[in-house]
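Participant: Here the sequence shown is numbered in the working numbering, starting from 206 and rising by one per residue.
By construction, the Cβ of each residue, glycine as well, lies at the ideal position given by its N, Cα and C atoms.
Structure provided below as C-alpha cells; questions to follow.
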Amino acid sequence: MGKMIKLMLFSLTIVIFLYGCNSNNKNEDIFQFKDSFVGDNSAVGNIANQLRSGENLKGFELKTKEKPYGIILNYDWLASEQDYKETAIYNATFLFALVQNAEWITFNFDNQEYQITKENLQAWYGKELSKFDNEEKLRKLTEEYLKEKNKAGELFK
206 MGKMIKLMLF SLTIVIFLYG CNSNNKNEDI FQFKDSFVGD NSAVGNIANQ LRSGENLKGF
266 ELKTKEKPYG IILNYDWLAS EQDYKETAIY NATFLFALVQ NAEWITFNFD NQEYQITKEN
326 LQAWYGKELS KFDNEEKLRK LTEEYLKEKN KAGELFK
C-alpha cells in the first residue's frame, strides 16, 4: 500500500511540474497571431493575455455579428487613470497590428471605460499598424509615444 501512495504522489508531482512548464508562456512570440480575425477566439485571447495587465484580464467579448467588428476587454484591476489610458493604447496598438479586421476596442477597467478605434489610433501614430512585422518595432513605437506626458490624453479627447 505504501508503494502505491508513493507512486501516486510521484505521478502527481510530475503532472504538476509538466503543467507548470506548459502554462501561459509570456515569452511566446505574439506575432505568431498576425493576421488573425476578430472571430478567432483563441488568437484574440492569446494576444490579450500576453499584453499589459494580461494577468488582470477577466474576460473578453468579440463583436462579429455586424461591421465594424470589435473587441471588448474586461479587466479586474485598480490603477490610475493614466495607467488605464496607457494600457489601453499599448494593448490596442498590438491588437490592431495583429487582428486584421478589428476596427474598435473597448477597455473596461474597474470604473473606467475607454474605446479606441483603429482609424483614430493610426492617425495618432501617423502609421498603419498592420505594416509592423515584429514585436520589438511595435513596442518601441508605442513606448516612444507614451513617453510624452500628455500624449496619451490627446487620443481620448
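1) In the DSSP output, what is I277 paired with across the bridge?
2) With a threshold of 8 angstroms, are at least 3 pairs of Cβ atoms found where one atom belongs to the stretch 332 to 343 and the other to the stretch 273 to 284?
3) Can you tell me the Cβ-Cβ gap for Y350 and Y330, rounded? I've got them flagged as a contact below 8 angstroms.
4) What number of angstroms, rounded off, separates the C-alpha of A357 from the C-alpha of D240?
5) With A171 and L343 assumed to form a contact (beta carbons below 8 angstroms), what rounded beta-carbon distance in angstroms separates them?
6) Skipping 5 residues on each side, what residues in its chain have a beta carbon closer than 8 angstroms to that of V243?
7) Which partner residues does E168 have in the DSSP bridge list?
8) Does the Cβ-Cβ distance between A253 and N316 come in under 9 angstroms?
9) For N296, report the span of its alpha helix (DSSP H) as first-last.
10) For K290, is the classification buried or exposed, using 16 other Cβ atoms within 10 angstroms of its Cβ as the cut-off for buried?
11) Could you tell me which of E340, T298, K345 sits nearest to L360, measuring between CA atoms?
12) Return yes when the C-beta of E324 is under 8 angstroms from any heavy atom of the ligand PLP, and no when it is not.
13) Could you check the C-alpha separation between D234 and F314 for me, to the nearest Å?
14) Report the residue from D288, T322, W309 whose alpha carbon sits nearest the alpha carbon of K354.
15) Please report the residue range of the alpha helix (DSSP H) in which W329 lies.
16) With DSSP collapsed to three states, give me the class of F247.
Facilitator: Put simply:
1) The sequence position of residue 277 within the sequence shown is 72, counting from 1. Its beta-bridge partners are E266, T311.
2) no
3) In the sequence shown, the residue the question calls residue 350 occupies position 145. In the sequence shown, the residue the question calls residue 330 occupies position 125. Rounded, the Cβ-Cβ distance is 7 angstroms, consistent with contact.
4) Sequence index remark: in the sequence shown, residue 357 carries index 152 (1-based). Sequence index remark: in the sequence shown, residue 240 carries index 35 (1-based). Roughly 26 angstroms separates the two Cα atoms.
5) Any answer about residue 171 is impossible in this case: the structure gives the chain only from 206 up to 362.
6) Locating residue 243 in the sequence shown gives position 38, where the first residue counts as 1. Correct list, in chain order: V249, L267, K268, T269, Y274, G275, I276, V304, N306, A307.
7) Nothing in the structure corresponds to residue 168, since the chain is present only between 206 and 362.
8) The residue given as residue 253 occupies position 48 in the sequence shown. The residue given as residue 316 occupies position 111 in the sequence shown. Not a contact, by the Cβ cut-off of 9 angstroms.
9) Counting from one through the sequence shown, the residue named residue 296 turns up at place 91. Run containing N296: 286 to 303, per the alpha helix (DSSP H) assignment.
10) Along the sequence shown, one-based indexing puts residue 290 at 85. It is buried - the Cβ of K290 has at least 16 other Cβ atoms within 10 Å.
11) Taking the first residue of the sequence shown as 1, we reach residue 360 at position 155. For the residues E340, T298, K345, the minimum Cα distance to L360 belongs to T298.
12) Although the ligand PLP was asked about, the structure shown includes no ligands whatsoever.
13) Taking the sequence shown and counting its residues from 1, one reaches residue 234 at position 29. Taking the sequence shown and counting its residues from 1, one reaches residue 314 at position 109. Their backbone Cα atoms lie some 26 angstroms apart in a straight line.
14) Counting from 1 along the sequence shown, the entry for residue 354 is found at position 149. If we check each option's Cα against that of K354, D288 comes out closest.
15) Translated into the one-based positions of the sequence shown, residue 329 becomes position 124. That run of the alpha helix (DSSP H) goes 323 to 330.
16) Locating residue 247 in the sequence shown gives position 42, where the first residue counts as 1. What sits at residue 247 in the sequence shown is Ser, not Phe. S247 falls in the helix class under three-state DSSP.
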